[in-house]
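Student:
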Amino acid sequence: MSVTQKAHPAQRGEATPEATRLRLYQLQVEIRYCEKRAYDLFLQNLVKGTSHLALGQEAVAAGFAAAMDKDDYSFCTYRGHHHTLARGVPMLSVLGELMGRQCGLMKGKGGSMHLTSVEHGVMGSYAIVGAHLPIAAGAAWSAQYRGTKQVACAFFGDGATNIGAFHEALNLAAVWKLPVIFVCENNMYMEYTPIASVTAVKHPAADRAASYGLERQVIDGNDADVVYSAARDAFVKARSGGGPSLIECLTYRHSGHSRADPAKYRPKEELEEWLKRDPVTLYRTRLLIMGIPEAKLAQIEAEAMAKLDRAT
Numbered sequence: 001m002s003v004t005q006k007a008h009p010a011q012r013g014e015a016t017p018e019a020t021r022l023r024l025y026q027l028q029v030e031i032r033y034c035e036k037r038a039y040d041l042f043l044q045n046l047v048k049g050t051s052h053l054a055l056g057q058e059a060v061a062a063g064f065a066a067a068m069d070k071d072d073y074s075f076c077t078y079r080g081h082h083h084t085l086a087r088g089v090p091m092l093s094v095l096g097e098l099m100g101r102q103c104g105l106m107k108g109k110g111g112s113m114h115l116t117s118v119e120h121g122v123m124g125s126y127a128i129v130g131a132h133l134p135i136a137a138g139a140a141w142s143a144q145y146r147g148t149k150q151v152a153c154a155f156f157g158d159g160a161t162n163i164g165a166f167h168e169a170l171n172l173a174a175v176w177k178l179p180v181i182f183v184c185e186n187n188m189y190m191e192y193t194p195i196a197s198v199t200a201v202k203h204p205a206a207d208r209a210a211s212y213g214l215e216r217q218v219i220d221g222n223d224a225d226v227v228y229s230a231a232r233d234a235f236v237k238a239r240s241g242g243g244p245s246l247i248e249c250l251t252y253r254h255s256g257h258s259r260a261d262p263a264k265y266r267p268k269e270e271l272e273e274w275l276k277r278d279p280v281t282l283y284r285t286r287l288l289i290m291g292i293p294e295a296k297l298a299q300i301e302a303e304a305m306a307k308l309d310r311a312t
């Protein structure tokens with residue numbers, strides 16, 4: 001799948017502050033390490049129930065979280081560890097929940113697919129595909145009614161674009177100009193089925209934007225700078241009364257749909273090509289080229305691993 005996107009922030013004469021870039025890298029590294037540890041725990045039979053990992057999709061979570069205010073709302077799918085971690089929820093709380101422990105976000109009763117932390121603006125991850133989109137619109141309406149300038153951000157997969165709730169939520173948000181951002185993490189597969197085999201348009205979210213009077217936005221979801229730039233613009237628009245945005249982020253999950261899925265339905269060449277565009281590796285390389293010292297990046301990585309070891 002080709003990537004059509006807005007110009008890179010640097011090409012538009014914009015400069016992302018170094019502190020923000022380091023934060024983007026930190027978030028991606030922490031998510032990557034935590035998801036890998038979750039996988040290891042699953043193989044040891046310590047994770048209760050199934051688990052849907054976001055390995056390869058770290059840049060989307062990092063880019064949007066870095067653009068949010070603390071009191072903004074996040075809504076995500078059953079694949080939501082990365083968004084939960086990006087909002088500042090401790091690794092211990094996330095991994096504890098996966099392992100069914102009392103220290104988990106839901107005291108071990110929700111599991112991988114049900115992560116909620118109102119304190120951090122994480123308004124739940126939802127196991128039913130598309131079910132959270134109208135709820136996000138409702139949160140946005142509440143913020144609009146109260147005049148708080150809060151913004152709701154709903155993350156969903158490409159498969160949700162064929163669910164009725166997707167269209168209903170977008171229509172309502174567009175008509176009422178609600179402060180909500182709809183973010184499609186298009187990883188090309190709805191579980192085992194290629195989205196291209198069940199959708200007539202090339203871009204399942206963005207190509208439908210015009211139906212609701214919204215701008216068509218397709219961006220590189222593996223580039224944290226591009227994601228952050230698009231997210232920042234969308235939040236500014238929402239807070240200023242400009243209404244909703246629909247952003248399709250092209251990305252790819254490195255693992256199967258869930259830990260029970262070996263993902264043998266994906267062509268080997270396709271997987272290899274996307275692995276070359278690993279968001280964490282690409283961003284690390286960019287920072288080094290920009291002159292960020294290797295020692296600084298190594299420090300971020302060491303601190304992330306230390307956090308993880310303390311959590312497990």
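In the working numbering, the protein residues as written are 1 to 312.
Even for Gly, the Cβ is constructed at its ideal location relative to N, Cα and C.
1) If A62 and L27 are in contact, beta carbons under 8 Å, what's the gap, nearest whole angstrom?
2) Skipping 5 residues on each side, what residues in its chain have a beta carbon closer than 6 Å to that of V183?
3) Give every residue of the same chain whose Cβ lies closer than 8 Å to the Cβ of M99, excluding the five residues on either side of it in the sequence, and list them in chain order.
4) Give me the Cα-Cα distance between K307 and W176, rounded to the nearest whole angstrom.
5) Would you mind giving the Cβ-Cβ distance between L313 and Y212, rounded to the nearest angstrom? I have them listed as a contact below 8 Å.
6) As a quick exercise: from R216, A238, G164, pick the residue whose alpha carbon is nearest that of C249.
7) Whose C-beta lies closer than 7 Å to the C-beta of I135 among residues of the same chain, with five residues either side of it excluded?
8) Rounding to the nearest angstrom, what Cα-Cα distance links V280 and K268 in this structure?
9) Note down the Cα distance separating A165 from C153, rounded to an integer number of angstroms.
10) Rounded to whole angstroms, what is the Cα-Cα separation between A137 and P179?
11) Which of the three DSSP states, helix, strand or coil, is assigned to N187?
12) Does DSSP put T281 in a helix, in a strand, or in coil?
13) With burial defined as no fewer than 16 other Cβ atoms inside 10 Å of the residue's Cβ, what is the status of L181: buried or exposed?
14) So for L85, helix, strand or coil by DSSP?
15) From the DSSP secondary-structure annotation, give me the bridge partner or partners of L250.
Tutor: Based on what the coordinates show:
1) 4 Å
2) For V183, the CB contacts under 6 Å within the same chain, skipping 5 residues up- and downstream, are F155, I247 in chain order.
3) L41, L46, V47, K48, G108
4) 43 Å
5) Residue 313 lies beyond the stretch modelled for the chain, which goes from 1 to 312, so this question has no answer here.
6) R216
7) F75
8) 21 Å
9) 15 Å
10) 8 Å
11) coil
12) helix
13) Contrary to the premise, residue 181 reads as Ile rather than Leu in this sequence. By the 10 Å Cβ count, I181 comes out buried.
14) helix
15) Paired residue(s): N186, D220.
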